[in-house]
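**Student:** Quick one: structure below, then a few questions.
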């Protein structure tokens, strides 16, 4: 017998409590009789002897029995039931990585794996259970239960395409999903194209079903760009997973038009690298070559070369020179300057991605990100003191936050600043003593930073820290750009503009995804290689477009030759109760029922005594 | 509160009426067996008197003596025997019936209480007395006799009598001699006394019955007991509390002590029975749980208390 919840046995401490209560009750039991006339002459016992002795009454036995039954029931006792011939629980881990899309004699490896899974599903006996886990870049429990139709439907909906296989997570998921009361096993259906795995102990037997044989393949396993003096430098690495050399032409396309081509020769099991320098202006690049192999999806690679997200900044200042120069130096920022007097009527005020208020504070926050510099005294949107405080040079600063990390402020004098009461939505990122210098927070879907100091009154504009501080602040306040490319199956996390209401992703072919805008939108189903167009929409109007490349080529996925079995240390048979074919039977319902019956007996006994 | 007895269904929540009409009609066929030595009034009543007064209803003769009423001379006998004889005969009379109910606190003990059994019996016997045109007195007592009901005669007083009986409440401690002696002094004419009590009094019944000597008095002692007094369901260390005095008695009860208790009880009952015998009283023991019509009345009939 075992206990599911041994802590429940603590309830058995009620036993001595019951004995104590009976002992006290026996000592103090006072009973009214019509008269002591007939009792007075009876011999009396010594009190001490009476108090030491606990009479073993029927009621005491009943109470102890009830407490014992309930205490044991709370412990969740189980015993091994009778031998049962069926009752298996199988977890199928199906590899949905990119390599499973490789052709293997007319059908893909994935299709062969799916057939194996269907065969296991068809062999389920009544009472058996099956759990289907898809192992791609993430492990995902797709279906579980006894319904073959449900599991078959979920199996049909699976598609290969992820780069990488989270084998460890999948095994953990399977171990957790398997019912310990049944005979358990894990069936791992994979082609073995796995990244190196650390040895892992598995609690249940694992059966590795190897799919696919040795196949030659060539792939673009790296594709990247970087700005290079007003131009774009492109880097491509291609690999040949074959026993014979490969010779072919690597083509480069910019926005779909061929812009460069190079003849490449790759040795067996070798790699080659190609770089080009192109004029800037294109939005996205594609590298492609004719691999003529079993996995065409990794013969092309895509990358977006839009590195920055355009920001329209509105500078509201009566002396804008310093800040305008610093803002304009930030890549992708277009600055418009207006005087504070004109702000109330300016048409740009609701269109700006970032509004910088220098020495001015409006009645209400505008949409988009906001940087407040040297706000005037008042009690409007911020609580700002009247008096100006001088921040002396050489003082020490308390600084934290991503925008200020590693920023050297030695020798910087911030001039004069007004004390700003930090609102609840903001925290102080830079302060000297108890005087806050930079506040940062988020309220009503707006990113807001407050510089309490006057930029012109100190030496900050003359220091290198100033443009860095401005650039970091702009990047911190505005959403980050999309990544140039992600691996197939990898989550694409987009940070749309806070004012956007919808995010639309159009992939190759007819694939499209739509999601409501949020500060961070994770898109998990980008498995098809290609260039994906991302649109931010605000009330149906497209406000920003971008592109992301999704690539299937990776060193481990593109090598289609035989791999070693994953280093899983698993027992040959299920060591749990289920492996022997025995089902564990819960005893607590019977114990609780017994307690109820005893309670009923006790009730009847007490009533009868009255 | 309505739910206070939810776990004790055996305890009634309201006291039902003492009798119903059909029961009273059935009771009417019975009568209290009064001794002929009791002195009553010959004006009414149904009890025969042992006194053989000169009467027109002939049953015996005695020789004429001076002063006898000539109207009762048996002239036929004189014609035959040349001697004057006076005709003697038995007359029917009514008698005084006194029902005393013990209302000490010990009578409230038990389920149903002993007092309830005593009330039922007193009501039934009282009804018999009224139905047979006897003069009825009903009185509660503990250490003294309380306000009494009566004298009442005739069925017209039935409702008053039942209300009185139903209204008695238990209180006080039992003092049999003090209560009964005072009552006897107030009722020197005597009569049939029905004493309904558990007789749990430190001073004995013997001295109390001294004032109720025959032939003036005929005494029926109805000893009301609860079944649990006969067989207490107690075990282990207990602290017994006297329901009348509140005195406490710590005891450890086991089979041995309970056997001693039962022996005490038997001796006590024998003592009461002997005292009743000595004083010419009839002793009848009933249990409070006995149904009146199905068990108490048949028992009293078997004991020749009712005919």
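Protein chains in written order, with the working numbering: chain E, 1 to 610; chain W, 1001 to 1307. Glycine included, C-beta positions come from ideal geometry on N, C-alpha and C. If you're wondering where the values come from, they're calculated on a predicted model, not measured in any experiment.
For chain E, is any of its Cβ atoms less than 7 Å away from the one on residue 1165 of chain W?
**Tutor:** One-based indexing of the second chain puts residue 1165 of chain W at position 165. No, residue 1165 of chain W lies away from the interface with chain E (no Cβ there is under 7 Å from its Cβ).
**Student:** Thinking residue 228 of chain E and residue 252 of chain E are a contact (beta carbons under 8 Å), I'd like their distance in whole angstroms, please.
**Tutor:** For this step, residue 228 of chain E is matched to residue 228 along the first chain. For this step, residue 252 of chain E is matched to residue 252 along the first chain. Not confirmed; about 15 Å, so no contact.
**Student:** Hey, is the stretch 333-340 of chain E in contact with the stretch 309-317 of chain E, meaning 3+ C-beta pairs nearer than 8 Å?
**Tutor:** Contact between the stretch 333-340 of chain E and the stretch 309-317 of chain E is present, because at least three Cβ pairs lie under 8 Å.
**Student:** Kindly indicate which residue of E:326, E:105, E:333, E:473 has the alpha-carbon position closest to the one of residue 212 of chain E.
**Tutor:** As a first step, residue 212 of chain E is located in the first chain; it is residue number 212 there, counting from the start. Of the candidates E:326, E:105, E:333, E:473, the one whose C-alpha sits nearest the C-alpha of residue 212 of chain E is E:105.
**Student:** Where does the unbroken alpha helix (DSSP H) through residue 115 of chain E begin, and where does it stop?
**Tutor:** The residue you call residue 115 of chain E lines up with position 115 of the first chain. Here the alpha helix (DSSP H) through residue 115 of chain E covers 109-122.
**Student:** Per DSSP, which one or two residues make a beta bridge with residue 271 of chain E?
**Tutor:** As a working mapping, residue 271 of chain E is identified with position 271 in the first chain. Residue 271 of chain E is bridged to E:239.
**Student:** If the cut is a Cβ gap below 9 Å, which residues of chain E does residue 1238 of chain W touch?
**Tutor:** In the second chain, counting from the first residue as 1, residue 1238 of chain W sits at position 238. Residues of chain E passing the Cβ test: 26, 29, 30, 31.
**Student:** List the whole-angstrom C-beta distance separating residue 291 of chain E from residue 193 of chain E, where the pair is believed to meet the contact cut-off of C-beta under 8 Å.
**Tutor:** In the first chain, residue 291 of chain E corresponds to position 291, counting from 1. In the first chain, residue 193 of chain E corresponds to position 193, counting from 1. No, residue 291 of chain E and residue 193 of chain E are not in contact; Cβ-Cβ is about 16 Å, not under 8 Å.
**Student:** Measuring alpha carbon to alpha carbon, tell me which of W:1287, W:1228, W:1285, W:1289 ends up nearest residue 1261 of chain W.
**Tutor:** Here residue 1261 of chain W refers to the residue found at position 261 when the second chain is read from its first residue. Ranking W:1287, W:1228, W:1285, W:1289 by Cα distance to residue 1261 of chain W puts W:1228 first.
**Student:** Which residues in the same chain as residue 209 of chain E place their Cβ atom closer than 7 Å to its Cβ, once the five residues preceding and following it in sequence are excluded?
**Tutor:** Your numbering for residue 209 of chain E matches position 209 in the first chain. The residues are 116, 187, 188, 189.
**Student:** Against chain W, with Cβ distances strictly below 7 Å, would residue 56 of chain E count as a contact?
**Tutor:** For the purposes of this step, residue 56 of chain E is identified with residue 56 of the first chain, where counting begins at 1. Cβ-Cβ to chain W under 7 Å: no for residue 56 of chain E.
**Student:** Could you compute how far the alpha carbon of residue 149 of chain E sits from the alpha carbon of residue 119 of chain E?
**Tutor:** As a first step, residue 149 of chain E is located in the first chain; it is residue number 149 there, counting from the start. As a first step, residue 119 of chain E is located in the first chain; it is residue number 119 there, counting from the start. The alpha-carbon atoms of residue 149 of chain E and residue 119 of chain E are separated by roughly 13 Å.
**Student:** Report yes or no: do the stretch 494-509 of chain E and the stretch 520-540 of chain E share at least 3 C-beta pairs separated by less than 8 Å?
**Tutor:** Contact holds: three or more Cβ-Cβ distances are below 8 Å.
**Student:** Say whether chain E places a C-beta atom closer than 7 Å to the C-beta of residue 1109 of chain W.
**Tutor:** Numbered from its first residue, the second chain carries residue 1109 of chain W at position 109. Interface residue, yes.
**Student:** Hey, could you find the ends of the beta strand (DSSP E) residue 1149 of chain W is sitting in?
**Tutor:** In the second chain, residue 1149 of chain W corresponds to position 149, counting from 1. Segment 1149-1152, the beta strand (DSSP E) holding residue 1149 of chain W.
**Student:** Are the C-beta atoms of residue 35 of chain E and some chain W residue less than 7 Å apart?
**Tutor:** By one-based count along the first chain, residue 35 of chain E stands at place 35. So, interface residue.
**Student:** Alpha carbon to alpha carbon, what distance is there between residue 1184 of chain W and residue 1292 of chain W?
**Tutor:** Against the second chain, residue 1292 of chain W aligns to sequence position 292. Against the second chain, residue 1184 of chain W aligns to sequence position 184. Between residue 1292 of chain W and residue 1184 of chain W, the C-alpha separation is close to 28 Å.
**Student:** Please confirm whether residue 1264 of chain W has its beta-carbon closer than 7 Å to some beta-carbon of chain E.
**Tutor:** For the purposes of this step, residue 1264 of chain W is taken as the residue at position 264 of the second chain. Interface residue, yes.
**Student:** Starting from residue 988 of chain W, find everything on chain E with Cβ-Cβ shorter than 8 Å and list it in chain order.
**Tutor:** Look at the range of chain W in this structure, 1001 to 1307, and you will see that residue 988 of chain W is not part of it.
**Student:** With 16 as the cutoff for other CB atoms within 10 Å, does residue 17 of chain E come out buried or exposed?
**Tutor:** For the purposes of this step, residue 17 of chain E is identified with residue 17 of the first chain, where counting begins at 1. Counting Cβ neighbours within 10 Å, residue 17 of chain E comes out exposed, since fewer than 16 surround it.
**Student:** Could you give the distance in angstroms between the alpha-carbon of residue 620 of chain E and the alpha-carbon of residue 354 of chain E?
**Tutor:** With chain E covering only 1 through 610, there is no way to say anything about residue 620 of chain E.
**Student:** Give me the Cα-Cα distance between residue 1164 of chain W and residue 68 of chain E, rounded to the nearest whole angstrom.
**Tutor:** For this step, residue 1164 of chain W is matched to residue 164 along the second chain. For this step, residue 68 of chain E is matched to residue 68 along the first chain. Looking at the two C-alpha atoms, the distance is approximately 56 Å.
**Student:** Closer than 7 Å by beta-carbon distance: list the chain E residues that pair up with residue 1176 of chain W, in chain order.
**Tutor:** Position 176 of the second chain, counted from the first residue, corresponds to residue 1176 of chain W. In chain order: nothing, as chain E lies at least about 12 Å away.
**Student:** Take residue 1202 of chain W as the anchor and find which of E:375, E:390, E:427, E:38 has the nearest alpha-carbon.
**Tutor:** Mapped onto the second chain, residue 1202 of chain W falls at position 202. Here the closest residue by C-alpha is E:38.
**Student:** Which of the three DSSP states, helix, strand or coil, is assigned to residue 100 of chain E?
**Tutor:** Translated into the one-based positions of the first chain, residue 100 of chain E becomes position 100. Helix, per DSSP.
**Student:** Which residues bound the alpha helix (DSSP H) around residue 58 of chain E?
**Tutor:** As a working note, residue 58 of chain E is residue 58 in the first chain. First-last of the alpha helix (DSSP H) with residue 58 of chain E: 58-74.
**Student:** Nearest chain W C-beta to residue 42 of chain E closer than 7 Å, yes or no?
**Tutor:** Residue 42 of chain E sits at position 42 when you count from the first residue of the first chain. It does; some Cβ of chain W falls within 7 Å.
**Student:** Taking 8 Å as the cut-off, does the stretch 470-480 of chain E touch the stretch 408-426 of chain E (at least 3 CB pairs, one atom from each stretch)?
**Tutor:** As far as the Cβ criterion goes, the stretch 408-426 of chain E does not touch the stretch 470-480 of chain E, which means the pair count is below three.
**Student:** Tell me whether residue 1159 of chain W is buried or exposed, calling it buried when 16 or more other Cβ atoms sit within 10 Å of its Cβ.
**Tutor:** Locating residue 1159 of chain W in the second chain gives position 159, where the first residue counts as 1. It counts as exposed.
**Student:** Excluding the 5 residues flanking residue 271 of chain E on each side, which residues of the same chain have their C-beta closer than 8 Å to its C-beta?
**Tutor:** Taking the first residue of the first chain as position 1, residue 271 of chain E is located at position 271. Closer than 8 Å at the Cβ level, and outside the excluded window around residue 271 of chain E, lie 221, 237, 238, 239, 240.
**Student:** Determine the extent of the alpha helix (DSSP H) in which residue 532 of chain E is found, giving its start and end residues.
**Tutor:** Stepping through the first chain from its first residue, residue 532 of chain E is reached at position 532. No alpha helix (DSSP H) holds residue 532 of chain E; the beta strand (DSSP E) holding it covers 530-538.
**Student:** Can you check whether the C-beta of residue 1231 of chain W is within less than 7 Å of a C-beta belonging to chain E?
**Tutor:** For the purposes of this step, residue 1231 of chain W is taken as the residue at position 231 of the second chain. It does not: the Cβ of residue 1231 of chain W has no partner Cβ on chain E nearer than 7 Å.
**Student:** At 9 Å on the CB atoms, spell out the chain E contacts of residue 1202 of chain W, in chain order.
**Tutor:** Position 202 of the second chain holds residue 1202 of chain W. The answer, in chain order, is 35, 37.
**Student:** Once you ignore the five residues that flank residue 447 of chain E on each side, which residues in its own chain have a CB closer than 6 Å to its CB?
**Tutor:** Sequence index remark: in the first chain, residue 447 of chain E carries index 447 (1-based). 369, 477.
**Student:** Counting only beta-carbon atoms, is residue 1242 of chain W nearer than 7 Å to chain E?
**Tutor:** As a first step, residue 1242 of chain W must be located in the second chain, where it is residue number 242. Closer than 7 Å to some Cβ of chain E, the Cβ of residue 1242 of chain W qualifies, so yes.
**Student:** Alpha carbon to alpha carbon, what distance is there between residue 400 of chain E and residue 135 of chain E?
**Tutor:** As a working note, residue 135 of chain E is residue 135 in the first chain. As a working note, residue 400 of chain E is residue 400 in the first chain. Rounded to the nearest angstrom, the two C-alpha atoms are 40 Å apart.
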